[in-house]
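*Asks:* To start, I am sharing the structure in question, which I have written as structure tokens.
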Amino acid sequence: MTPLDPTLGLPIVYIVDDEDVVRDALAWLLRSRRLLSEGFASAEAFEAAAEQRAAARAGDWPDAPACVLLDVRMPGMSGLALFERLIERGWLASLPVIFLTGHGDVPTAVAAVKRGAFDFVEKPFSNNALVDRVEQALQSSAQALAQRRQHGDVAHRLAELTERERDVMQLVVKGRPNKLIADELHISVRTVEVHRARIFEKMGVKSAVELANGLRSAGQEPS
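Remember, the working numbering sits 94 above the position in the sequence shown when you count from 1.
Shown next, in the form of structure tokens:
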């Protein structure tokens, strides 16, 4: 597995299965690949823990790379029902789900993949193949978390701009030269230069292209 960004926190795998022996076996398997895990005996138990942790972090959860190994069939809430709850909360990007299925559940699992599940693994499964997919899911989670962090950073930097700096920035990212910006905003070229420099400093960039790319990747590009 490609090393994850250590600033994102330690990756963890949530095992949701009603059979103790399955949870224990999966936990042992993951430890053999130096992966942390936490087991839950029911979908309800996992959902309650997830909601509690999300509330404690003001919705900013998971806050480290994570994925869920989720059994399709369980007493009470099924794995599929829990999966739908995760979709409703918008957690799938940062919390990929790998379904553990019996042969009869394969069509259900395939449908779930079309709905956004990361993958499904049919029992009995290959240990190496399963952990390989888990590591790939954790990589996907890490990418989503890094993107979320970038979006938050860009939004924070944008909030530091003055109204006039925002006006100038909109024209800068459109590629307008200083003279045209000055004419459009009825200010001097020197004032535009000062604003441009402050914008670059506050946004942590060195060029208009870098600024535009950063805003675009964070979904904050001015209209």
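Ideal placement from N, C-alpha and C gives every residue a C-beta, glycine not left out.
Just so you know, these numbers come straight off a predicted model, no measurement behind them.
For Arg128, count neighbouring Cβ atoms within 10 angstroms of its own Cβ and tell me buried if that reaches 16, exposed if not.
*Replies:* Position 34 of the sequence shown holds residue 128. Exposed, because fewer than 16 other Cβ atoms sit within 10 Å of the Cβ of Arg128.
*Asks:* Whole-angstrom Cβ separation of Val107 and Leu124, contact assumed at under 8 Å?
*Replies:* What you label residue 107 is simply residue 13 of the sequence shown in a count that begins at 1. What you label residue 124 is simply residue 30 of the sequence shown in a count that begins at 1. At roughly 6 Å, the Cβ-Cβ gap stays under 8 Å, so Val107 and Leu124 are in contact.
*Asks:* Indicate the three-state DSSP secondary structure (helix, strand or coil) for Ala158 in the structure shown.
*Replies:* Numbered from 1 along the sequence shown, position 64 holds the residue referred to as residue 158. Coil, per DSSP.
*Asks:* Taking the alpha carbon of Ser136 as the point to measure from, which residue in Gly198, Lys300 and Pro169 has its own alpha carbon closest?
*Replies:* Taking the sequence shown and counting its residues from 1, one reaches residue 136 at position 42. Selected option, being the one with the closest Cα: Pro169.
*Asks:* Using alpha carbons as the reference points, say which of Arg242, Lys273, Met263 and Ala148 lies closest to Ala291.
*Replies:* Taking the sequence shown and counting its residues from 1, the one referred to as residue 291 is at position 197. That would be Met263, whose Cα lies nearest to the Cα of Ala291.
*Asks:* From the DSSP output, which residues share a beta bridge with His131?
*Replies:* On the sequence shown, residue 131 is found 37 positions in, with the first residue counted as 1. With the sequence shown as reference, residue 131 is identified as Ser, and His is not the correct amino acid for it. Val107, per the DSSP bridge assignment.
*Asks:* If you pair each beta-carbon of the segment 130-150 with each one of the segment 214-223, do three or more pairs fall below 8 Å?
*Replies:* The answer is no - the segment 214-223 does not touch the segment 130-150, with fewer than three Cβ pairs under 8 Å.
*Asks:* According to DSSP, is Phe193 part of a helix, a strand, or is it coil?
*Replies:* Working through the sequence shown from its first residue, we reach residue 193 at position 99. In the structure shown, Phe193 sits in a strand (DSSP, three-state: E or B).
*Asks:* To the nearest angstrom, how far is it from the Cα of Lys208 to the Cα of Leu305?
*Replies:* Numbered from 1 along the sequence shown, position 114 holds the residue referred to as residue 208. Numbered from 1 along the sequence shown, position 211 holds the residue referred to as residue 305. Looking at the two C-alpha atoms, the distance is approximately 36 Å.
*Asks:* Can you list, in chain order, the residues of its chain whose CB lies under 6 Å from that of Met171, leaving out five sequence neighbours each side?
*Replies:* For this step, residue 171 is matched to residue 77 along the sequence shown. Around Met171: Ala137 and Glu138.
*Asks:* With 16 other CB atoms within 10 Å as the buried threshold, where does Arg258 fall?
*Replies:* Mapped onto the sequence shown, residue 258 falls at position 164. The residue is exposed, with fewer than 16 neighbouring Cβ atoms inside 10 Å.
*Asks:* So for Val215, helix, strand or coil by DSSP?
*Replies:* Residue mapping note: residue 215 aligns to position 121 of the sequence shown, counting from 1. In the structure shown, Val215 sits in a strand (DSSP, three-state: E or B).
*Asks:* For Gly269, does the count of other Cβ atoms within 10 angstroms reach 16, so buried, or fall short, so exposed?
*Replies:* Within the sequence shown, numbered from 1, the residue matching residue 269 stands at position 175. That one is exposed.
*Asks:* Do Ala231 and Phe212 have their C-beta atoms closer together than 8 Å?
*Replies:* Within the sequence shown, numbered from 1, the residue matching residue 231 stands at position 137. Within the sequence shown, numbered from 1, the residue matching residue 212 stands at position 118. In this structure, Phe212 lies closer than 8 Å to Ala231 by Cβ.
*Asks:* Between Arg147 and Trp155, which are expected to be in contact by the criterion C-beta below 8 Å, what is the C-beta distance as a whole number of angstroms?
*Replies:* The residue you call residue 147 lines up with position 53 of the sequence shown. The residue you call residue 155 lines up with position 61 of the sequence shown. Yes, they are in contact, since the Cβ atoms of Arg147 and Trp155 sit about 5 Å apart, within 8 Å.
*Asks:* Buried or exposed for Val303, please, with buried defined as at least 16 other CB atoms from any protein chain shown within 10 angstroms of its CB.
*Replies:* Stepping through the sequence shown from its first residue, residue 303 is reached at position 209. With fewer than 16 Cβ atoms within 10 Å of its Cβ, Val303 is classed as exposed.
*Asks:* For Asp114, collect the residues of the same chain with a Cβ closer than 8 Å to its Cβ; drop the 5 residues on either side in sequence, then sort them by chain order.
*Replies:* Within the sequence shown, the letter at position 20 stands for residue 114. Around Asp114: Ala135.
*Asks:* Alpha carbon to alpha carbon, how far is Val267 from Ile181? Give it in angstroms, no decimals.
*Replies:* For the purposes of this step, residue 181 is identified with residue 87 of the sequence shown, where counting begins at 1. For the purposes of this step, residue 267 is identified with residue 173 of the sequence shown, where counting begins at 1. Whole-angstrom Cα-Cα distance: 35 Å.
*Asks:* Exposed or buried, what is Asp165 when buried is set at 16 or more other beta-carbons lying within 10 Å of its beta-carbon?
*Replies:* Position 71 of the sequence shown, counted from the first residue, corresponds to residue 165. Buried, by the Cβ-count rule.
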